[in-house]
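Residue numbers (our numbering): 1109 to 1509. We treat Cβ as the ideally placed atom computed from N, Cα and C, and that holds for glycine. What you are looking at is a predicted structure, and each value in this text was computed from that prediction instead of being measured.
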């Protein structure tokens, strides 16, 4: 029998929290089908081919096409049932609601059509935001896992990566060696994102100016990748040379939970004075923002205040490349972290609900300097009464080799 990731009490508590937030925000709801594997895992402790049906009045049932045996081995949920089809599962219920709630970010149109045939609903609503909100406040067990991830993350950047860098290696070789070190430390082997069609091996890694190359990825850094079909990691034509800056934005993770961190290495050289000034100012912004990661703080106000700080006090030219290459900038300062690397809340405009204790947030003020590369810093913090508690080290974000 596998060790269960969550207890029966935790599963019940999380499902009840989901019911409560649905009662508050969607008072008409009667039934929700949760198909996303990460959301299933959070609520039940397993991720299978199937869906979790949560009724407003009634039991939560995990309907599994494959594998029921594994689901029962991993999950503490009492009600786990086999199904051959959606119609078979829907036939279990005496009455079906006219409006069904789904995690819409996951459900494709073809799956929606099959569900509509089986459950005969007339309209639908979403549960994505509600699930992200209840996932955002971490339990003591989740916090312990992420603290462990942060400790290993720090070891990766400060002890494991520096010896890997050698003159003449290309980005692909470096990324492979980094990934090997991550696995050796206990990395769970995958970087998961909530953002649609986002995939990544180890993270964004780039030598010099490559770390500014435009990317579809919603982040301040960049990379060229191997090919237009695999624009993710490891350009083979870019060799490491003396004086290069090596940008490594990597999410580490254990037991499904991530931490997010960025480190820049100076390979046998010095940063241009402008880049050093910009980097140091990014570290200053991180520390100012981290001090305000307290319960009750409003993310949108924190973001607005940082922008005002930049407008009033930033070094000349800083604002034009803050949070991305000019023309490819992103409009946030940080983001929640957990089972996904990009979670609720975001330190950005529009996020007006106050922070809560034990939310975990990555702060990443960065500058993408044309012709040089991306500088700046990223660390993962837990929201607390005294401000953000750094889980990943909280250093200068730069190591000279």
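Worksheet entry | Length of the line joining the Cα atoms of residue 1175 and residue 1422 | The C-alpha of residue 1175 lies about 55 Å from the C-alpha of residue 1422.
Discussion item. Please report the distance separating the alpha-carbon of residue 1294 from that of residue 1269.
Written reply: Approximately 15 Å between the Cα atoms of the pair.
Item to complete: Determine the contact status of residue 1360 and residue 1260, defining contact as a CB-CB distance below 8 Å.
Response: Yes, these two residues count as a Cβ contact at 8 Å.
Item to complete: Put residue 1324 into one of helix, strand or coil per three-state DSSP.
Response: Coil, per DSSP.
Item to complete: List in chain order: all unbroken beta strand (DSSP E) runs of 3+ residues lying wholly within the segment 1440-1496.
Response: Taken in chain order, the whole beta strand (DSSP E) runs of length 3 or more contained in the segment 1440-1496 are 1442-1444, 1451-1455, 1468-1471, 1474-1477, 1481-1484, 1487-1490.
Fill in: Residue range of the unbroken beta strand (DSSP E) whose run includes residue 1291
That residue, residue 1291, is in no beta strand (DSSP E); its alpha helix (DSSP H) goes 1279-1293.
Worksheet item: Between the segment 1462-1471 and the segment 1318-1331, do three or more beta carbon pairs fall short of 8 Å?
Response: Of all C-beta pairs linking the segment 1462-1471 to the segment 1318-1331, fewer than three are shorter than 8 Å, placing the two stretches out of contact.
Worksheet entry | Residues that DSSP places opposite residue 1335 in a beta bridge | BP columns for residue 1335 point to 1338.
Worksheet item: In whole angstroms, what is the alpha-carbon distance linking residue 1198 and residue 1407?
Response: So the two alpha carbons sit approximately 41 Å from each other.
Practice prompt. Please determine, among 1466, 1131, 1357, the residue with the shortest C-alpha to C-alpha distance to residue 1403.
Written response: Just measuring C-alpha positions, the residue of 1466, 1131, 1357 sitting nearest residue 1403 is 1466.
Worksheet item: What are the boundary residues of the beta strand (DSSP E) that residue 1356 is part of?
Response: Residue range 1352-1362 is occupied by the beta strand (DSSP E) that includes residue 1356.
Discussion item. Taking the alpha-carbon of residue 1499 as reference, which of 1477, 1468, 1480 has the nearest alpha-carbon?
Written reply: Closest in C-alpha terms to residue 1499, from the list 1477, 1468, 1480, comes 1468.
Practice prompt. To the nearest angstrom, report how far apart residue 1289 and residue 1148 are at their CA atoms.
Written response: Pairing residue 1289 with residue 1148, the inter-Cα distance amounts to about 30 Å.
Fill in: Inter-residue spacing [alpha-carbon to alpha-carbon] between residue 1142 and residue 1159
So the alpha carbons of these two residues sit roughly 5 Å apart.
Worksheet item: Expressed to the nearest angstrom, what Euclidean distance is found between the alpha-carbon atoms of residue 1165 and residue 1130?
Response: Going by the C-alpha atoms only, they are around 12 Å apart.
Practice prompt. With a 10 Å radius around its C-beta and 16 neighbouring C-beta atoms as the bar for buried, classify residue 1324 as buried or exposed.
Written response: When all chains shown are included, residue 1324 counts as exposed.
Worksheet item: Which two residues bound the contiguous alpha helix (DSSP H) that contains residue 1146?
Response: Unbroken alpha helix (DSSP H) run through residue 1146: 1145-1152.
Discussion item. If you reduce the DSSP assignment to three classes, tell me which class residue 1211 lands in.
Written reply: In this structure, DSSP gives residue 1211 a state outside helix and strand, which the three-state scheme calls coil.
Item to complete: Have a look at residue 1193 and residue 1178 and give me their C-alpha separation to the nearest angstrom.
Response: The straight-line gap from Cα to Cα measures roughly 18 Å.
Worksheet item: Can you find at least 3 beta carbon pairs, one from the segment 1446-1461 and one from the segment 1293-1307, that sit closer than 8 Å?
Response: Touching, yes.
Worksheet item: Helix, strand or coil: how does DSSP classify residue 1166 here?
Response: In the three-state scheme derived from DSSP, where H, G and I count as helix and E and B as strand, residue 1166 is classed as coil.
Worksheet item: Can you check whether the CB of residue 1398 is closer than 8 Å to the CB of residue 1496?
Response: Result yes, Cβ atoms of residue 1496 and residue 1398 sit closer than 8 Å.
Worksheet entry | residue 1229 versus residue 1203 - alpha carbon distance | The alpha-carbon atoms of residue 1229 and residue 1203 are separated by roughly 11 Å.
Worksheet item: Can the beta-carbon of residue 1315 be found less than 8 Å from the beta-carbon of residue 1348?
Response: Taking 8 Å as the cut-off, the beta carbon of residue 1315 is found closer than this to the beta carbon of residue 1348.
Discussion item. With three or more C-beta pairs closer than 8 Å as the rule, is the segment 1264-1278 touching the segment 1371-1391?
Written reply: With the rule of 3 Cβ pairs closer than 8 Å, the segment 1371-1391 counts as touching the segment 1264-1278.
Discussion item. Going by the DSSP bridge assignment, what does residue 1365 pair with across the sheet?
Written reply: Residue 1365 is bridged by DSSP to 1362.
Fill in: Among 1405, 1433, 1393, 1436, nearest to residue 1416 - alpha-carbon criterion
Of the residues 1405, 1433, 1393, 1436, the one whose Cα lies closest to the Cα of residue 1416 is 1393.
Worksheet item: Using DSSP with H/G/I as helix, E/B as strand and the rest coil, what is residue 1312?
Response: Annotated three-state conformation of residue 1312 is strand, per DSSP.
Discussion item. With a threshold of 7 Å (Cβ to nearest heavy atom), would residue 1208 be considered close to the ligand SAH?
Written reply: The ligand SAH is not part of this structure, which contains no ligands at all.
Practice prompt. Name the residue from 1188, 1285, 1256, 1155 whose alpha carbon lies nearest to the alpha carbon of residue 1168.
Written response: Per the Cα distances, 1188.
Fill in: Among 1414, 1258, 1172, 1220, nearest to residue 1065 - alpha-carbon criterion
The structure shown does not extend to residue 1065, since the chain is modelled only from 1109 to 1509, so the question has no answer here.
Fill in: CB contact flag (residue 1181, residue 1211, <8 Å)
No. Outside cutoff.
Worksheet item: Among all the DSSP beta bridges, which residues are the ones paired with residue 1161?
Response: Paired residue(s): 1141, 1169.
Worksheet item: Roughly how far, in whole angstroms, is the beta-carbon of residue 1105 from the beta-carbon of residue 1320, given that I think they are within contact range, below 8 Å?
Response: Outside the displayed span of the chain (1109 to 1509) sits residue 1105, for which this structure offers no information.
Discussion item. Going by the DSSP bridge assignment, what does residue 1189 pair with across the sheet?
Written reply: Here residue 1189 is bridged, per DSSP, to 1171.
Worksheet item: Do you know offhand how far residue 1126's Cα is from residue 1484's?
Response: As the crow flies, the alpha-carbon of residue 1126 is around 37 Å from that of residue 1484.
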